[in-house]
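Numbering (the numbering used here), first residue to last: 1054 to 2188.
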C-alpha cells in the first residue's frame, strides 16, 4: 500500500513538473519551426507565435500577419522571407516581433516570471532574401533583435515600422518607407529607397544614414540625428546620390560627409556641432535651407576638380565660418549670411575668387573686409571673395513685404470734368458707366488715342456701381484684408495702382502723372519714365517695407501690366537709374490671360458678354464699337504663344459657310496657326467688310496699327523670364463654363418675298456660337493663366466651391469677382506670410473634368422668345421676366441663374444653357413669347441641340430639328436623368394645348462641335401654314427640318392618301417629294399630329408657304383702299 502511495506521489510530481517545463501545453501559443511552404495566415487569436531556429517563408508562398498578432523568437531564431509577407498591422493594434523573454506583450511565454529579461541580440533578424517578391509592413514593432531588418535584392513597402535595431539594404531598389523610427539605415551595392515622415536617430558611435556605393536615396520630411558622439551623422560615398527635402539633420559631433558623390538639399535644417556639410570632390545643390551652429564651418568644400556647386536662398548663421573653400572656386547667391565669425573664406586664393555677390551679410553696409570695406558691419569676408554688389535687405526675412496691387481690365474707375449749366464744373464718372453715352465719352480713335485727353483715374473698383445701385463685390474684400494686415502691424503698407485700362500695359507703365487732388492722368506727356506713377509707387513701398522688399499682386490684365513693369524695372537697372527690380521678392498673378484668352475674340469681334450689368447700362453693339479701338482690349487676344501652348483653336468654321462666304474655303475647319489668326482679325484676305453696328453676327475688323503694337508688346511679355530671386505664383480659376472658341456657321432665315405674298425665301446668313469648356474661370482658360512653366502654378476649383456651398453661378464669384472668394485671398495671404499650406479648393494639380450639359437654342431673325429652365427644386435660369429682351433694340438683358452649377448666356439672338450634370437631375425647359412682344413680330423657327460633354469631349448629342413658330408659340421639353431631351411639345397658339410633338434625333458618333458639322447647322426651312391648327393637318418633316402642310404635300406628291386618325400610315407607296427648282427628291413619311424625322429627304425647298400676320393686315388695308377708290370713283361718276 505504501509503495502504491509513493508511486502516486512521484507520478503526480513528475506530471506537474513536465507540465511546467513543456512549452505549449495548456497555452494558446503556436510553435513555428522550419519552412512555411503553403499560404498561411497568422492572427492574434492563435498567438503568440513562437519561432524556433531559422523559419523560412518559401518562394511563391504568401504569409499574411493580421493586426494585433504577436510573434516571439526563441534565442538565436530568425525569419527569412523568400516569398511574400503582408504584415497588416493597424494604429493602436500593431504587430509585434520580439524576444521570447519579453513578457510586456503576449505574457510570460517562457513561464519564468521575472527570472529572465530580454536584451538586444536575443534573436537574429528578419531577412527579405533574394527571390522574395516583396514585403508589406504596416504598423509593425520590432524589439531585441541583433541585426534588425535586412533587405537583400527585394522590395519593401513600409508604413509604420518602429525598431530598436537598424535597417540594411543590399542591391535593393524601389523600396518606399514611411513613418519609420530606427537607429540607422545603411545602403550597399547600388541600392535605393524613398524615406518619408520618419525618424532616424542613433546612439554612440552609430552611423545614422550611410550610402556606401552607387546608391540613390530620397529623404522627405524626416529627422536624422545623433544622440551622442557619432562621427558623421550622414555619410555618402562612391558615386551615390542623396536627395534631402523638408528634413532636419542634427548632431553633437560630425555633420554631413560627402565623398565623390552628389548631395541635393532643399527646405531643410543642418544643425551640427563640428561641421555642417563637408564636400570632397562632390557636387552640391542646396536651397531654401538653414545651416547653423557649427563650430568649424557651415559648408566646407574640398573640391580639387570642377564640380557643380549651387548655394542659393539659404540662411547660413552662427557658424565659425559660414562658407569656406579649400579648393576649386564656386559661387553662392541670394543667401542670408549673418552671425558667423567669418562669413565666407577662401583658403585657396590661387584657384580663383569665390563669387558670392547678391547676398545679405547682416547689414545694409555689406560684409567687413579689412581693406576693401572697413565700414561694413556685416560678417567678415576674406581675400579672394568677390562680394559686390551685396543685398541691402535680408532675402529670408520673416517680416511681411509691402504689397503693390494691380487690378484687372475695367478694374479702375475713370472720370472727367464737365461743365453743367448753373452748377458749373462737376466730376463725371465714366466707368462704371450710367448710360451708353458714358461709353461714347470714353471712345478712342482708330489709332488708340483717347478722344478726350482729360480723362483720369483715381481709385479701383471696390464693388460695381451704376446710377443709384451697387452690386457685385470686385476688390472690396481684398482691400479690407490688406488694411487689416497694416492695422495689425503685420505689414507696413500696401497700395493699389488704378490705371487707365484703355491703354496697353507698356503705355500704362511708361506714363501716369498725379495732380494735387490725387487724380492720375495718362494721356498727357509726363516727366519721364522714372517718374511714372507706378514706378513711384514701387519706390515708396520699398522705402517703408519691413522686409526691405515688396510683393506684386495682380488680377487679370493687371498681370500683363505687372510683366511690363518688371521689364521696365530691369531696363532701368541696366541704364543705371535704379535697382528696384532687385527688391521684388514675389509676384502673385491671379487669373491673368498671360497669352490671351478666346473670350476676347468673341467680346471684341461681337460684343459678347459685354453688356454691363447684364445689359442694364451697355448693349453689345456699343461695347463692340468701344472695344475695337482699345489697345488694352487687344492685349487680351490669344497671342502666338497661345497657338503654341494650347491645342484647341480659338476660331472654328462650319462647312455650311461655303454657301455665304469664303471663311471655310480660306481657313478650313479651324484657324490652326497665328498667321491665319492675324489674317482673320484684320480681314487681310478680304473675307469680309466692316459690319454695320447692329450686325453682331459678323465679326468686326480690327485696326492694324493698334493690333501690330499689341503683337510687339506681347512678343516681349510672353518671352519675359522673371529674375531667379523673384518667386512667381500663379492661380487659375477652374470649373466654370469658359468660352474656348467662337464657331461660325450658316443660318437659314425665312425672308418674305414681298408684302403682297405669303411666301418667303430661305436666305442663308452668317451666325456664330460660343464653344465652352470647364477649363477656366468663365473668362480665362487655365493654360493661359498658368502659362509660366517655372512658376508655382495652382488651381482654384470654383465649381466644387459653388456646389459645396450650394451657390448659384450668378452669385458665385467668377473671373471678375474671384478676389471675393475667401480661399483666393487666403492663398495670397499665406504666400505673403511664407506659409505654403493650401486653403480649401486650391490644388497644385488641375481637377479632373466632369460631365456637363450644354444646350444651344437658335432662333431666326425677328423671333422674340424668352428661354427658361427649371430644376426639380424650382430653381430657375434664363432671362429675367418683366424686362425687355431684344439685344438689338434695348439696353437691358438681365439673366437669372438660380440653379447651382448652371450658367445662361446669349450671343446675338441665340441662347446657351450650361448645366452641371450629375446623372440624376431632371430639368424643364420652356421657350415662351417675350413678355414685351406685341404679337406683330415675325414668324420663323427654333432649333435646339444638346450635348453631354466631359471636358472638351462630347459624350452624346441630340438635336431637335427646326420647329416653325409664330409670335404666340410655346415650346416645352424635359431633360431626363440620362441627359436626353424628351419629345418636344409645341403649343402653336399659346393657349395651353399641345398641338404636336417633335422628337429629338440622337447624333451618331458625336464629335466636338469645334471640329465637325452637326444637324444644328442644317437649313431651317419652315414650309407650313402656321395660322392653322396643327391638330387637323398632317405634316411632312425630314431630318434636316423640312416641314410642309397637307396642301403642299398633296400638290407635290400628287396624292390625297393621308391618314387622318394619327396612325402611322404612309402616303401611298412612299411617294417622292420633288423640288421644282433643283429636281432633288426624297421619300416622305406622313403622320397626323406628329413631325417624323425619318425621311432622309435631300431636297432643298427654296420657297415656303408661310402665313405672316402683318402681311394679312397690309393686304386687307390695300384691298380696302382699292375698293374705296373704286366706290368713290363710281359714286363721283354717278353724281
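In this text, a Cβ means the ideal position worked out from N, Cα and C, and glycines have one as well.
Expressed to the nearest angstrom, what Euclidean distance is found between the alpha-carbon atoms of residue 1709 and residue 2001?
Roughly 23 Å between the two C-alpha positions.
Can you tell me which residues form a DSSP beta bridge with residue 1088?
BP columns for residue 1088 point to 1109.
C-beta atoms of residue 1877 and residue 1827 nearer than 9 Å:
The answer is no: Cβ separation not under 9 Å.
Collapsed DSSP secondary structure at residue 1902 in the structure displayed:
Residue state, collapsed to three classes: coil.
What alpha helix (DSSP H) runs, 4 residues minimum, are completely inside the segment 1829-1874?
Whole alpha helix (DSSP H) segments, 4+ residues: 1835-1838 and 1851-1857.
Within 10 angstroms of the Cβ of residue 1427, are there 16 or more other Cβ atoms? Answer buried if so, exposed if not.
Counting Cβ neighbours within 10 Å, residue 1427 comes out exposed, since fewer than 16 surround it.
Does the Cβ-Cβ distance between residue 1738 and residue 1715 come in under 9 Å?
Against a cut-off of 9 Å, the Cβ pair of residue 1715 and residue 1738 comes out as a contact.
If you drop the 5 nearest sequence neighbours on each side, which residues of the same chain put their C-beta closer than 7 Å to that of residue 1320?
The beta carbon of residue 1320 lies closer than 7 Å to those of 1298, 1299, 1341 and 1342 in the same chain, with the five residues before and after it left out.
Where residue 1935 falls: helix, strand or coil (DSSP)
Only weak support is given to the placement of residue 1935: the predicted model assigns it a pLDDT of 48, under 50, and the question is left unresolved by the model.
With three or more C-beta pairs closer than 8 Å as the rule, is the segment 1645-1660 touching the segment 1774-1781?
Contact between the segment 1774-1781 and the segment 1645-1660 is absent: fewer than three C-beta pairs spanning the two stretches fall below 8 Å.
Using the C-alpha atoms, what's the distance from residue 1162 back to residue 1156?
In this structure, the alpha-carbon of residue 1156 lies about 7 Å from that of residue 1162.
Over the uninterrupted alpha helix (DSSP H) stretch that includes residue 1685, give me the two end residues.
Looking at the DSSP string, the run of the alpha helix (DSSP H) that includes residue 1685 is 1684-1687.
DSSP has residue 1818 in a bridge; who is on the other side?
Looking at the DSSP assignment, residue 1818 forms a beta bridge with 1800.
Give the list of continuous beta strand (DSSP E) stretches no shorter than 3 residues that lie fully inside the segment 1615-1650.
Here the runs fully enclosed are 1637-1643.
Does DSSP put residue 1592 in a helix, a strand or coil?
Helix at residue 1592.
What does the alpha-carbon distance come out to for the pair residue 1246 and residue 1271?
Cα-Cα distance, rounded: 6 Å.
Tell me which same chain residues have a C-beta within less than 6 Å of the C-beta of residue 1368, skipping the five on either side of it?
Cβ neighbours of residue 1368 beyond the five flanking positions: 1343, 1389 and 1449.
Just the Cα atoms here: how many angstroms apart are residue 2174 and residue 1743?
For residue 2174 and residue 1743, the distance between alpha carbons rounds to 43 Å.
Pull up the DSSP beta-bridge partners for residue 1471, would you.
For residue 1471, the pairing in a beta bridge is given by DSSP as 1479.
Take residue 1544 and list the residues in its own chain whose beta-carbon comes closer than 8 Å to its own, dropping the five residues that flank it on each side.
So the list reads 1453, 1454, 1455, 1456, 1535, 1538, 1599 and 1885, once near-sequence residues are dropped.
For residue 1567, list the residues DSSP reports as bridge partners.
DSSP output for residue 1567 lists 1573 as bridge partner(s).
With DSSP run on the structure shown, which of helix, strand or coil describes residue 1443?
Here residue 1443 sits in coil by DSSP.
If you drop the 5 nearest sequence neighbours on each side, which residues of the same chain put their C-beta closer than 6 Å to that of residue 1149?
Cβ contact annotation for residue 1149 (same chain, cutoff 6 Å, sequence separation greater than five): 1123, 1158 and 1194, in chain order.
So, residue 1493 versus residue 1575, is the Cβ gap smaller than 9 Å?
Contact flag unset, no.
Going by Cα to Cα distance, which pick from 1289, 1879, 1839 and 1979 is closest to residue 1908?
Closest option to residue 1908, Cα to Cα, is 1979.
With distances taken between CB atoms, is the gap from residue 1392 to residue 1370 smaller than 9 Å?
Contact check for residue 1392 against residue 1370 passes: the beta carbons are separated by less than 9 Å.
Sorted by chain position, which residues of the same chain lie with C-beta nearer than 6 Å to residue 1386's C-beta, five sequence neighbours on each side aside?
Here the set comprises 1365 and 1411.
Beta-bridge pairing of residue 1240 - partner residues as DSSP gives them
Beta-bridge pairing links residue 1240 to 1222 and 1264.
Look at the alpha carbon of residue 1550 and the alpha carbon of residue 1505, and state the distance between them as a whole number of angstroms.
Roughly 22 Å between the two C-alpha positions.
Where residue 1704 falls: helix, strand or coil (DSSP):
Under the three-state reduction of DSSP output, residue 1704 falls in the strand class.
In its own chain, which residues sit with a C-beta less than 6 Å from the C-beta of residue 1788, not counting the 5 before and 5 after it?
Taken in chain order, the residues that qualify are 1827, 1850, 1851 and 1852.
Considering Cα atoms alone, identify which of 1284, 1305, 1309 and 1280 is closest to residue 1294.
The residue from 1284, 1305, 1309 and 1280 with its alpha-carbon nearest to that of residue 1294 is 1309.
Where does residue 2071 fall in DSSP's three states?
Low confidence applies here, because residue 2071 scores a pLDDT of 33, under 50, leaving its location unreliable and the question unanswered by this model.
Let me know the beta strand (DSSP E) ranges lying completely inside the segment 1398-1462, each 3 residues or longer, listed in chain order.
Entirely contained in the segment 1398-1462, the beta strand (DSSP E) runs reaching 3 residues are, in chain order, 1431-1433 and 1455-1459.
Which listed residue (1477, 1498, 1694 and 1465) has its alpha carbon closest to that of residue 1483:
Nearest C-alpha to residue 1483: 1465.
Kindly examine the ligand NAD and report whether one of its heavy atoms sits closer than 8 Å to the Cβ of residue 1222.
With respect to small molecules bound, the structure shown includes none, and the ligand NAD cannot be examined in it.
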